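According to the numbering used here, the stretch in the sequence shown is residues 1184 to 1646, in order. Note sheet for the following structure.
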Amino acid sequence: MTETAVQTAERKLYIESYGCAMNFSDSEIIASIMGEHGFATTQDEFEADVIFLNTCAIRDNAEQRIRERLKHLRSNKKQNRDLIIGVLGCMAERLKDKLLEEEKLVDVVAGPDSYRELPKLVAEVDEGGRAINVLLSREETYGDLNPVRLNSNGVTAFISIMRGCDNMCSFCVVPFTRGRERSRDPESILREARELAAAGYKEITLLGQNVDSYLWFGGGPKKEFKNLTEEEKASSVDFADLLEMTALAVPELRIRYSTSHPRDITEKVVHTMAKYKNVCNYIHLPAQSGNSRVLEVMNRNYTREWYMDKVSMIRNILPDCGISCDIIAGFCTETEEEHKDTLSLMAWSRFDFSYMYKYSERPGTPAAKKLTDDVHEDVKGRRLQEIIALQNEVSKAKNQEYIGKVVEVLVEAESKRSTEEWMGRNDQNVVTVFPKEHYQKGDLVKVLVESASTTTLRGKAVV
Ligand code: 5AD
Ligand code: SF4
1184 MTETAVQTAE RKLYIESYGC AMNFSDSEII ASIMGEHGFA TTQDEFEADV
1234 IFLNTCAIRD NAEQRIRERL KHLRSNKKQN RDLIIGVLGC MAERLKDKLL
1284 EEEKLVDVVA GPDSYRELPK LVAEVDEGGR AINVLLSREE TYGDLNPVRL
1334 NSNGVTAFIS IMRGCDNMCS FCVVPFTRGR ERSRDPESIL REARELAAAG
1384 YKEITLLGQN VDSYLWFGGG PKKEFKNLTE EEKASSVDFA DLLEMTALAV
1434 PELRIRYSTS HPRDITEKVV HTMAKYKNVC NYIHLPAQSG NSRVLEVMNR
1484 NYTREWYMDK VSMIRNILPD CGISCDIIAG FCTETEEEHK DTLSLMAWSR
1534 FDFSYMYKYS ERPGTPAAKK LTDDVHEDVK GRRLQEIIAL QNEVSKAKNQ
1584 EYIGKVVEVL VEAESKRSTE EWMGRNDQNV VTVFPKEHYQ KGDLVKVLVE
1634 SASTTTLRGK AVV
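In structure tokens form, the structure reads like this:
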């Protein structure tokens, strides 16, 4: 969660973002749209005329957090009777008008494709109503807008390159809340990257639910390459092309991207990473499970062996590439043996780090409709603990391999623990902390690693 920046203008907007990077990026688009209609963003919720919660629906606990936050906002509304409260993003899209029925203090409900309508929705509330727009679009990419960088460290920024997801993993609500997949015009992506470089940013992360299926052929809903006309094929841009174009357009910036799909990641992408020094050696490659039967029930469209082949392919082309993973513990019908397959896949892959979750059934998803959430809560919890314990062990061992080596760190911010130290990330995305000395935010610093924990490398700058 975070609050947002900038002051003045007639009315004030406070945005709180929850969930994934895509939501944080969307909040910057929302700030831009509202900015054009006389709203300046504020970091102080108590001076706001409008409060937007940009929400996440991926797991039940994400939604519970937002319900709790709404309860607290009652007192804001008591103090300021004209205060407008909006729920935006994935939870808004999932619950639609039910949200207006259930949460009486909510005035605006807007889904991820209706942000251009927000000024109009707020105007409707000004007129005394409550307003909702949850239409999903097959075309909207907000490509023409200039995001207002919120809560920015001035060093790293997100660029959204596509929206939606067509994958239909059986556990996932995203295809329902963010709609069909569509890619953004590469020219608008490059323009945004150049503007960030000109504004002094040092690192960009290209964002999409499944970046490997990025394909630009003139706009509109996703098509497979094989279904393009000859003319469209000739001028089409795939993700590897886009990565190359970006690396060339902003050679002074570090480039990252997220998220890759094991089914779709190509050698071409990994070769492009190897070719350009400014593309960071780091891939987020969610496996979800290490067992082929479970993967099939998850509708992930790959097997354990396929996943392992992809990891080998990456390590062959880019031996020092950082790889991180998402894992779900206790998906429907998962047996103890199948859970052990996840552990053995993790031990074999040696992920640098993982995001690990207990399965949470989401209403309306294929899993909720067709499968039974039959792994007992205690078993899920225990499996998750085993997964976390193994990942911690691997992360620590991998981080300790850096001791005595020099890593290149982009300084992002002051370390949380000490005002005397900088915090940044190395090429492989591992958090690294070192004494500030004369270095500045935004510097790329060579750091000799002296010690390492599960999450952090520590060292000192070397010339
Ligand atoms: N339950 C638990 N985790 C989930 N994820 C997506 N849907 C669910 C769910 N229903 C996880 C996946 C995905 C990450 C963003 O969230 O691991 O990669
Ligand atoms: Fe959800 Fe799967 Fe799409 Fe990721 S790829 S957003 S897990 S449906």
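For glycine and all other residues, C-beta sits at the position ideal for the given N, C-alpha and C. The model shown is predicted, which means the values in this text are computed figures rather than measured ones.
Cβ pair count under 8 Å reaching 3, the stretch 1286-1297 against the stretch 1262-1271
yes
Which of the three DSSP states, helix, strand or coil, is assigned to VAL1189?
In this prediction, VAL1189 has a pLDDT of 46, which is less than 50 and means its spatial position is unreliable; nothing more can be read from the coordinates.
Considering HIS1621, what are the terminal residues of the beta strand (DSSP E) in which it resides?
It is not in any beta strand (DSSP E) - HIS1621 carries neither H nor E in the DSSP assignment.
Does the ligand 5AD have even one heavy atom less than 6 Å from the beta-carbon of ARG1566?
no
Count the other C-beta atoms from every protein chain shown that fall within 10 angstroms of the C-beta of GLN1623, then say buried if there are 16 or more, exposed otherwise.
exposed
Check for me: the alpha helix (DSSP H) holding ALA1470 runs from which residue to which?
ALA1470 -> no alpha helix (DSSP H), and no H or E assigned at all.
Does DSSP put VAL1462 in a helix, in a strand, or in coil?
strand
7 Å Cβ shell around GLU1603 - same chain, five flanking residues per side excluded
PRO1618 and LYS1619
From ILE1510, THR1224, ILE1448 and GLU1199, residue whose alpha carbon lies closest to that of PHE1354:
ILE1510
What do you get for PRO1445, buried or exposed, if any count of 16 or more other CB atoms within 10 angstroms of its CB means buried?
buried
Rounded straight-line distance, which links the Cα of VAL1480 to that of ALA1550
8 Å
Separation of GLU1230 from TYR1197, as counted between CA atoms
9 Å
Evaluate GLN1190 with the Cβ neighbour count: other Cβ atoms within 10 Å of its Cβ, from every protein chain shown; 16 or more gives buried, anything less gives exposed.
Low confidence applies to GLN1190: its pLDDT is 43, below 50, so where it sits in the model is not reliable, and the reading given next is rough at best. With fewer than 16 other Cβ atoms within 10 Å, it is exposed.
Run through DSSP, which three-state label would ALA1240 get?
coil
Between the Cα of MET1205 and the Cα atoms of ASN1393, ASP1610, ASP1227 and ILE1216, which residue gives the shortest distance?
ASN1393
Sequence-distant residues of the same chain with beta carbon closer than 6 Å to VAL1317, five excluded per side:
GLU1276, LYS1279 and GLY1294
Using only the heavy atoms of the ligand 5AD, determine whether one of them is closer than 6 Å to the beta carbon of SER1208.
no
Contacting residues, own chain, Cβ-Cβ under 6 Å from PHE1207 (five flanking each side not counted)
SER1200
Do CYS1273 and THR1360 come within 7 Å of each other at the CB atom, strictly closer than that value?
yes
As a quick exercise: from LYS1563, VAL1453 and ARG1483, pick the residue whose alpha carbon is nearest that of SER1495.
VAL1453
For a quick check, are the C-beta atoms of LYS1464 and ALA1430 less than 7 Å apart?
Correcting the residue identity first, residue 1464 is Asn in this sequence and not Lys. No, the Cβ-Cβ distance between ASN1464 and ALA1430 is not below 7 Å.
Using a Cβ-Cβ distance under 7 Å, would LEU1333 count as near chain D?
This model lacks chain D altogether; it includes just one protein chain.
Does the Cβ of ASP1557 lie closer than 6 Å to at least one heavy atom of the ligand 5AD?
no
Is it buried or exposed for ASP1524, if we count other Cβ within 10 angstroms and need 16 for buried?
buried
Three or more beta-carbon pairs under 8 Å between the stretch 1491-1507 and the stretch 1605-1615, yes or no?
yes
So does PRO1469 have its beta carbon nearer than 6 Å to some heavy atom of the ligand 5AD?
yes
Which residues in the same chain have their Cβ closer than 7 Å to the Cβ of LEU1373, if we skip the five residues on either side of it in sequence?
MET1428, THR1429 and ALA1432
Pull up the distance between the alpha-carbon of SER1532 and that of MET1491, whole angstroms please.
7 Å
Please find out if some non-hydrogen atom of the ligand SF4 comes closer than 6 Å to the beta-carbon of ASN1484.
no
Looking at the secondary structure, which residues open and close the beta strand (DSSP E) in which ALA1382 lies?
Neither: ALA1382 is in no beta strand (DSSP E) and is coded neither H nor E.
Residue of PHE1235, GLU1576, GLY1547 and THR1516 minimising C-alpha distance to LYS1195
PHE1235
How about CYS1508: is its Cβ closer than 6 Å to a heavy atom in the ligand 5AD?
no
Applying the 10 Å Cβ sphere with the 16-neighbour rule, what's the burial state of VAL1645?
exposed
Determine the DSSP secondary structure at PRO1445, reduced to helix, strand or coil.
coil
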